[in-house]
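In my numbering, the protein residues as written are 5 to 219.
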């Protein structure tokens with residue numbers, strides 16, 4: 005993947021800083037997912053405002069969406085935009101998540117330094133955020149097509165990699181891909197639930213038991 009220029013990094017920084025100031029528009033959504041203001045600020049979540057000028061005009065199509073920046077020591081390398089409307093995105097025929105063209109990165113790379121011998125992988129950015137805030141350093145990969153060949157080198161320092169996947173076909177595919185490419189152990193979640201559902205529902209122990217299981 006091509007390294008971002010200093011100008012691009014600067015524009016990402018300006019955009020995320022601007023969007024953070026509009027985070028109040030997502031307060032109810034984040035609270036329902038167990039993400040408080042401290043976590044939102046740490047991970048620099050924001051919202052593309054519905055009105056007004058934007059740092060990057062091409063972000064106009066993301067208005068009203070939650071902004072999930074990909075933070076690294078070198079700067080913000082990517083952003084995802086999540087629909088906040090209370091409807092079925094599939095039924096209204098638009099994507100729940102959209103991203104910047106040509107960017108495909110591992111989410112929450114700080115977890116690679118915070119984790120010990122075991123690394124948790126979640127199927128999505130916000131699940132990785134919530135699990136990390138709950139004390140389990142986790143990275144996020146939004147589906148099998150986002151898995152990159154160089155991840156095998158990134159994950160090489162870990163003796164155990166556990167990937168928590170949704171119970172649908174997309175989740176099965178992500179688990180199978182990571183098992184084949186990096187030797188991950190897939191753990192399928194109860195049907196209809198994701199990592200955040202489990203944590204908000206008081207079942208963090210269910211996740212940590214499977215993360216640490218030697219079976």
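All residues carry an ideal CB built from backbone N, CA and C; glycine is no exception.
Q.
Mapping the DSSP letters down to three states, classify residue 74 as helix, strand or coil.
A. Residue mapping note: residue 74 aligns to position 70 of the chain shown, counting from 1. Reduced to three states, the DSSP call for residue 74 is strand.
Q. What does a CB cutoff of less than 7 angstroms around residue 57 pick up in its chain, not counting 5 residues either side in sequence?
A. Residue 57 sits at position 53 when you count from the first residue of the chain shown. Result list for residue 57: empty, nothing under 7 angstroms.
**Q.** Start and end residues, alpha helix (DSSP H) containing residue 45
**A.** Sequence index remark: in the chain shown, residue 45 carries index 41 (1-based). First-last of the alpha helix (DSSP H) with residue 45: 41-46.
Q: Using three-state DSSP, classify residue 176 as helix, strand or coil.
A: The count along the chain shown starts at 1 and reaches residue 176 at position 172. Looking at residue 176 - three-state DSSP - the assignment turns out to be helix.
Q.
Going residue by residue through the region 147-213, where are the continuous alpha helix (DSSP H) segments of at least 4 residues, counting only ones entirely within it?
A. As summarised for the region 147-213, the continuous alpha helix (DSSP H) elements at least 4 residues long and confined to that stretch are 155-158, 173-186 and 199-204, given in chain order.
(Q) Going by DSSP in three states, residue 82 sits in which element: helix, strand or coil? (A) Walking along the chain shown from the start, residue 82 turns up at place 78. DSSP places residue 82 in the strand class (E or B) of the three-state scheme.
Q: Compute the distance between the beta-carbons of residue 69 and residue 86, then report whether it is under 8 angstroms.
A: Against the chain shown, residue 69 aligns to sequence position 65. Against the chain shown, residue 86 aligns to sequence position 82. Yes. Within cutoff.
Q) What are the boundary residues of the beta strand (DSSP E) that includes residue 142? A) Position 138 of the chain shown, counting from 1, holds the residue named residue 142. Segment 142-144, the beta strand (DSSP E) holding residue 142.
Q: Ignore the nearest five residues each way along the sequence and tell me which others in residue 148's own chain have a CB closer than 6 angstroms to its CB.
A: Walking along the chain shown from the start, residue 148 turns up at place 144. Taken in chain order, the residues that qualify are 177, 178 and 181.
Q) If you compare alpha carbons, which of 30, 166 and 102 is closest to residue 64? A) Taking the chain shown and counting its residues from 1, the one referred to as residue 64 is at position 60. For residue 64, the nearest C-alpha among the options comes from 102.
Q: Using beta-carbon positions only, say whether residue 122 and residue 215 come within less than 8 angstroms of one another.
A: To locate residue 122, count along the chain shown from 1; it is residue 118. To locate residue 215, count along the chain shown from 1; it is residue 211. Yes, the Cβ-Cβ distance between residue 122 and residue 215 is below 8 angstroms.
Q) Checking contacts by CB at 8 angstroms: is residue 125 closer than that to chain B? A) Absence of chain B from the displayed structure is noted, only one protein chain being present.
Q) To which residues does DSSP link residue 126 through a beta bridge? A) Here residue 126 corresponds to residue number 122 of the chain shown, with the count starting at 1. In DSSP, residue 126 forms a bridge with 144 and 168.
Q: Within 10 angstroms of the Cβ of residue 156, are there 16 or more other Cβ atoms? Answer buried if so, exposed if not.
A: Against the chain shown, residue 156 aligns to sequence position 152. Residue 156 is exposed by the Cβ-count criterion.
Q: Could you check which residue in 104, 134, 97 and 77 has the C-alpha nearest to that of residue 35?
A: Your numbering for residue 35 matches position 31 in the chain shown. When only C-alpha atoms are compared, the closest one is 134.
Q. In its own chain, which residues sit with a C-beta less than 6 angstroms from the C-beta of residue 188, not counting the 5 before and 5 after it?
A. Stepping through the chain shown from its first residue, residue 188 is reached at position 184. Short of 6 angstroms from the beta carbon of residue 188, and not among the five residues preceding or following it, lie these beta carbons of its own chain, in chain order: 165, 167 and 182.
(Q) Buried or exposed for residue 163, going by 16 or more other Cβ atoms inside 10 Å? (A) Residue 163 sits at position 159 when you count from the first residue of the chain shown. By the 10 Å Cβ count, residue 163 comes out exposed.
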